[in-house]
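Here's the structure, in structure tokens; my notes come after.
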DNA sequence: ATTGTAAAAGAACGAATGTTCATTTATAAA
DNA sequence: TTTATAAATGAACATTCGTTCTTTTACAAT
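Chains as they are written, first to last, in this note's numbering: chain Y, 1 to 211; chain R, 1001 to 1211.
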């Protein structure tokens, strides 16, 4: 056989991405063979090379697509917020909901960095730092105007991101909690970790309820 | 050549563990070959089988040793504390210092679970749950007596452990902060995330200063 | 209708994988 | 001093790996 009825480059490439994403997330990049990706896509391993030059290129594509999507989504969402307290509230909710909707992509983004060859690594790492910079800036502004009482902004940034991203290790759809219940809990914990007072937070909650 | 001058089973096995630990942490279980482990140990790959029956057995040995060591160390350390506030303070400091001293082991313990075959996985997972149970109990007791204001104890447990374990992704010896400076910051953030009031925490700090 | 190209199959490549085996030598016990 | 065993080597095993190549067929444009 050869070219298959109804086959289209873009469609197949998307199916390859989806297949690779799920396999990498479940078994790890190194443990997944091109034959396995091909099988899940429904084509032979050799046909993968019509869409991606190497296995490594598939991984880089997945990570880069994920990070660029994340950055774009937050840049849009962040327009809504005008104070550090609003922004932190929004960031926590955004991070949780965005990441819970993309558990596989998040997983490989944090786990497969070491499987990237140098060029890919620096590209992805730069995007990650950029994202962390958003939260750091929120914390810095909040510290400057007295909303947050925090000793070390870079550390607080990493602590909160780790706390949030860790949700992916235990959260299950149709589990005990819904995504928005989880958001509620983590918003409270994030503000607490920055020693932000009750009254200020309640003002945000009130504004949210009115809007 | 054959048996090497001065070779001893226990000594070699320990060197194999050390070599595998470093390689697994840096490259991932699947990406490390038995030949690479052998080379780093200073023996041939085939000689590894005098000490471990399979590659998988090396991984299980490393994970199990790490978790059992962690549990034993906390069970000893925890004897020192008699209130939830003392215990949380102690747990945070213990977790950070223990994990920062064993970065490679921690890394593979959280990253290579998916590379475990089922029998090994349940063994290790049980030990992890057991460790998480210690923190959960501290939080539950603190909630019961009013020290901590927390909505969901299991979630708070996972959030704090994720926050603490995430330190390993960015902390570097001889970096900007010392291990004990990091402890200080995270103790404060952990208490904050549980809405524990200043006065109570300061009592602990005072007691610590006196002792 | 013809033609150029895109997308697939399937065989094949050399290299690397985890593991086994026969063999050799050091060590410890009798 | 002899003997059993522990610890190593090095060759070899069948598989699997990522990738390349040739060939076949579907599709789009002329």
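Virtual Cβ for every residue (Gly too), placed ideally from N, Cα, C.
Asked                                                                                                                        : Found
DSSP three-state assignment for residue 1 (chain Y), whether helix, strand or coil                                           : Note on residue 1 (chain Y): pLDDT 49, under 50, position unreliable in the model; the coordinate value appears next. It is coil, neither helix nor strand.
Where residue 1195 (chain R) meets chain Y, residues with beta-carbon distance less than 7 Å                                 : 192
Within-8 Å CB hit, residue 1001 (chain R) to chain Y                                                                         : No answer about residue 1001 (chain R) holds up, because its pLDDT of 48 lies below 50 and its placement is not dependable.
8 Å Cβ shell around residue 1125 (chain R) - same chain, five flanking residues per side excluded                            : 1113
Expected contact under 8 Å - CB spacing of residue 166 (chain Y) and residue 1162 (chain R) to nearest Å                     : 2 Å
Inter-stretch contact at 8 Å, needing at least 3 Cβ pairs: the stretch 125-144 of chain Y / the stretch 1048-1061 of chain R : no
Contact under 8 Å by Cβ, residue 195 (chain Y) with residue 148 (chain Y)                                                    : yes
Buried versus exposed call for residue 145 (chain Y) [16 or more other C-beta atoms within 10 Å across all chains shown]     : exposed
Cβ contact (3+ pairs, closer than 8 Å) linking the stretch 1028-1037 of chain R and the stretch 1085-1099 of chain R         : no
Contact set between residue 1185 (chain R) and chain Y, taken where Cβ atoms lie within less than 9 Å                        : 150, 151, 152, 155, 156, 159
Buried versus exposed, by CB contacts within 10 Å (16 or more), residue 1020 (chain R)                                       : buried
Backbone secondary structure at residue 49 (chain Y) - three-state DSSP                                                      : coil
Chain-ordered neighbours of residue 27 (chain Y) on chain R, where CB pairs are closer than 9 Å                              : 1030, 1114, 1115
Proximity below 8 Å, CB of residue 1023 (chain R) to CB of residue 1068 (chain R)                                            : no
Under the three-state DSSP convention, the category residue 82 (chain Y) falls into                                          : coil
Classification of residue 173 (chain Y) by the beta-carbon crowding that lies within 10 angstroms, buried from 16 upward     : exposed
C-beta neighbour in chain Y for residue 1143 (chain R), strict 8 Å                                                           : no
CA nearest to the CA of residue 14 (chain Y), picked from Y:117, Y:129, Y:142, Y:42                                          : Y:42
Residue 1114 (chain R): CB within 7 Å of a non-hydrogen atom of the ligand FMN                                               : In the structure on display, the ligand FMN does not appear, and there are no ligands present to speak of.
Span of the alpha helix (DSSP H) around residue 44 (chain Y)                                                                 : Segment: none, residue 44 (chain Y) is in no alpha helix (DSSP H) and carries neither H nor E.
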